[in-house]
Amino acid sequence: MTTGLIARDTGSPIDFERMRRDRFQRVLDAMERHTLDILLVGKPANARYITGANTNTNIAGGRGFSPSVVVLRERKDFHIMTWWDAGVPKSVPRANLFPASWNPANTLQNLKRIIGASQARRIGVDLMSPLYAGLLSQAFPQASVVNGEAALLEARAVKTPEELDCLRAAIAISEGALASTIAAIRPGRTERDLLGTFEKAATVYGVTFPISQGGFCIQPLSGHRDRPPLRFLSSDRPLRAGDLVTMSSGFSYMAYDADIGRTWPCKAAPTRAQKSLFSRWRAAFDAMLAECKPGRAAADIHAAYRNAEPGVTPPAPIAHGSGLGIEPPIIATPLGEGVERSWKLAPGMLITLQPYVWQKGVGGILAKETVLITAAGPELLTALPHGPLAD
Numbered sequence: 003m004t005t006g007l008i009a010r011d012t013g014s015p016i017d018f019e020r021m022r023r024d025r026f027q028r029v030l031d032a033m034e035r036h037t038l039d040i041l042l043v044g045k046p047a048n049a050r051y052i053t054g055a056n057t058n059t060n061i062a063g064g065r066g067f068s069p070s071v072v073v074l075r076e077r078k079d080f081h082i083m084t085w086w087d088a089g090v091p092k093s094v095p096r097a098n099l100f101p102a103s104w105n106p107a108n109t110l111q112n113l114k115r116i117i118g119a120s121q122a123r124r125i126g127v128d129l130m131s132p133l134y135a136g137l138l139s140q141a142f143p144q145a146s147v148v149n150g151e152a153a154l155l156e157a158r159a160v161k162t163p164e165e166l167d168c169l170r171a172a173i174a175i176s177e178g179a180l181a182s183t184i185a186a187i188r189p190g191r192t193e194r195d196l197l198g199t200f201e202k203a204a205t206v207y208g209v210t211f212p213i214s215q216g217g218f219c220i221q222p223l224s225g226h227r228d229r230p231p232l233r234f235l236s237s238d239r240p241l242r243a244g245d246l247v248t249m250s251s252g253f254s255y256m257a258y259d260a261d262i263g264r265t266w267p268c269k270a271a272p273t274r275a276q277k278s279l280f281s282r283w284r285a286a287f288d289a290m291l292a293e294c295k296p297g298r299a300a301a302d303i304h305a306a307y308r309n310a311e312p313g314v315t316p317p318a319p320i321a322h323g324s325g326l327g328i329e330p331p332i333i334a335t336p337l338g339e340g341v342e343r344s345w346k347l348a349p350g351m352l353i354t355l356q357p358y359v360w361q362k363g364v365g366g367i368l369a370k371e372t373v374l375i376t377a378a379g380p381e382l383l384t385a386l387p388h389g390p391l392a393d
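With my numbering, letter number 273 in the sequence shown gets 275, and the count goes up by one each step, no holes.
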């Protein structure tokens, strides 16, 4: 199958095979720049990016680390450790599939068969447990084992045209589901009702599982402006006319995640204070958007938010990269300005801006926009209106 959902509307079907080839070439190029001979991959998003396989590889994080994909730069080849071939692209030779094992000793034997004891000089890993660190040193004593995550994040940062089409499809699905949810906002319904409406609406598009449970919440009216309160867990709290309802979630298409969000008043004309609060959100967003240019750093986006909302410590990241899940840069975290300064924007990168503003007695406004970095400036991929607050 090469035709992507929704992409047919543009007359430009998604060529998934070309997307896989281009992604793998980006990995090989990154390995060259980082002088990596071998990559051992355990993170599901990295494994999906390299192989295109939609299969249950060994999932690092769900249990102790075990590599699921092996990339050999000189051979321009990769091998997958999996229990079955369902979801593996037909272009992957079955000889490149090795059985996964819960036993590290068996996994190491497979690695030796794939890599060859004399060929490994510099091995990159995206995640590693102390057990595997010791086993790899014993199995490949002549090789140095180094961080391979930097090369993979570098490869994934700039999206191919097909990746962008997948993300546009994910955004369209998510915005369609959110539009249906907005139409269901009325007094007496609960926050969990809205969450259920959102997830049910997406089934029309053949999607049944959101990227996160999401937050469909009324924000607190009391707290401290210097660290605004933010609710993300939906409850059985009923909506009342005039409540500001923040909505945040999204769905995937071909593993590419859309993270969308809007704030909507519940069946009442917004008050002057609510519209003023939205104007504050717009000012913060516009300031951040202006920094979404090639060569600018994540720290510049953070500085724009601080200038718009002085003295405020945001209760959650105000922006993050988008793709196969949340990707760097992740802005406004304890990592600090030094890390944010090192994250540079480049054409083809995607970033989701999600400033949050809050006022005592009024509530909070959270809205999210996904932005494509281009040489000509930022391009908004999200299109859902902001409704009465922006009118």
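We treat Cβ as the ideally placed atom computed from N, Cα and C, and that holds for glycine.
For clarity, every value in this text was computed on a predicted model and none was experimentally measured.
Next item on the list: Could you check how far apart the C-beta atoms of Ile375 and Cys294 are, in whole angstroms? I think they sit under 8 Å.
Entry: 6 Å
Check: Is the number of C-beta pairs between the stretch 204-212 and the stretch 230-241 that are closer than 8 Å three or more?
Finding: no
Notebook entry, point to check: Taking all protein chains shown into account, do 16 or more other C-beta atoms lie within 10 angstroms of the C-beta of Gly339, making it buried, or fewer, making it exposed?
Noted result: Residue identity check: residue 339 is Glu in the sequence provided, not Gly. Counting Cβ neighbours within 10 Å, Glu339 comes out exposed, since fewer than 16 surround it.
Note to self: Residues in the same chain with beta-carbon distance under 6 Å from Asn48, minus the five sequence neighbours each way, listed in chain order, please.
What the structure shows: Asp128, Leu154
Check: Less than 9 Å separating the beta-carbons of Ser70 and Pro46?
Finding: yes
Checklist line | Integer Cβ distance of Ala186 from Thr199, believed to fall under 8 Å | finding: 5 Å
Notebook entry, point to check: Using DSSP with H/G/I as helix, E/B as strand and the rest coil, what is Arg124?
Noted result: strand
Check: Would Lys362 be called buried (16 or more neighbouring beta carbons within 10 Å of its own) or exposed?
Finding: exposed
Next item on the list: State buried or exposed for Glu165, treating a residue as buried only when at least 16 other CB atoms are found within 10 Å of its CB.
Entry: buried
Checklist line | Paired residues, beta bridge with Val160 - DSSP | finding: None; Val160 has no bridge partner.
Notebook entry, point to check: What's the gap between the Cα of Ile220 and the Cα of Leu246?
Noted result: 6 Å
Notebook entry, point to check: Does the Cβ of Ala348 lie closer than 8 Å to at least one heavy atom of the ligand ATP?
Noted result: Within the structure as shown, the ligand ATP is missing, as the structure has no ligands at all.
Next item on the list: Within 10 angstroms of the Cβ of Leu382, are there 16 or more other Cβ atoms? Answer buried if so, exposed if not.
Entry: exposed
Notebook entry, point to check: How big is the Cα-Cα spacing for Tyr255 and Gly350?
Noted result: 18 Å
Notebook entry, point to check: Do the CB positions of Ile175 and Ala157 come within less than 9 Å of each other?
Noted result: no
Next item on the list: State the CB to CB distance for the pair Gly244 and Cys268, rounded to an integer number of angstroms; the pair is presumed to be in contact (CB under 8 Å).
Entry: 6 Å
Check: Going straight from the alpha carbon of Ala62 to that of Thr273, what length do you get?
Finding: Legend: pLDDT at Ala62 = 41, less than 50; position of this residue unreliable, no value from coordinates given.
Note to self: I need the boundaries of the alpha helix (DSSP H) containing Gly44, first residue and last residue.
What the structure shows: Premise fails: Gly44 is in no alpha helix (DSSP H) and is neither H nor E.
Check: Any idea which residues DSSP pairs Leu113 with across the strands?
Finding: Answer is none; Leu113 lacks a bridge partner.
Item checked: Cut-off 6 Å between Cβ atoms - residues of its own chain near Glu193, not counting five sequence neighbours on either side -> Phe218, Cys219, Ser236, Ser237, Arg239
Item checked: the stretch 257-264 contacting the stretch 319-331, beta-carbon criterion three pairs below 8 Å -> yes
Next item on the list: Locate the beta strand (DSSP E) running through Arg308, then write down its first and last residues.
Entry: Looking at the DSSP string, Arg308 is not in any beta strand (DSSP E); the run it does join, the alpha helix (DSSP H), is 300-310.
Item checked: Three-state secondary structure (DSSP) of Ser131 -> coil
Next item on the list: Determine contact between the stretch 72-89 and the stretch 129-146, defined as no fewer than three beta-carbon pairs at a distance below 8 Å.
Entry: no
Notebook entry, point to check: Taking DSSP as the reference, what is the three-state secondary structure of Gln361?
Noted result: strand
Next item on the list: Determine the closest residue to Pro230 out of Asp167, Tyr307, Gly365, with distance taken between C-alpha atoms.
Entry: Gly365
Note to self: Quick check: what's the CA-CA separation for Ala318 versus Leu99?
What the structure shows: 41 Å
Check: How long is the line joining the alpha carbons of Arg227 and Asp302, rounded to whole angstroms?
Finding: 23 Å
Item checked: One or two residues paired with Cys219 in a DSSP bridge -> Thr248
Next item on the list: Confirm, please, whether the CB-CB distance from Tyr307 to Ile333 is below 9 Å.
Entry: yes
Note to self: Let me confirm a value: Glu90 is counted as buried when at least 16 other C-beta atoms fall within 10 Å, else exposed. Which label applies?
What the structure shows: Note on residue identity: the sequence assigns Val, not Glu, to residue 90. Val90 should be labelled buried.
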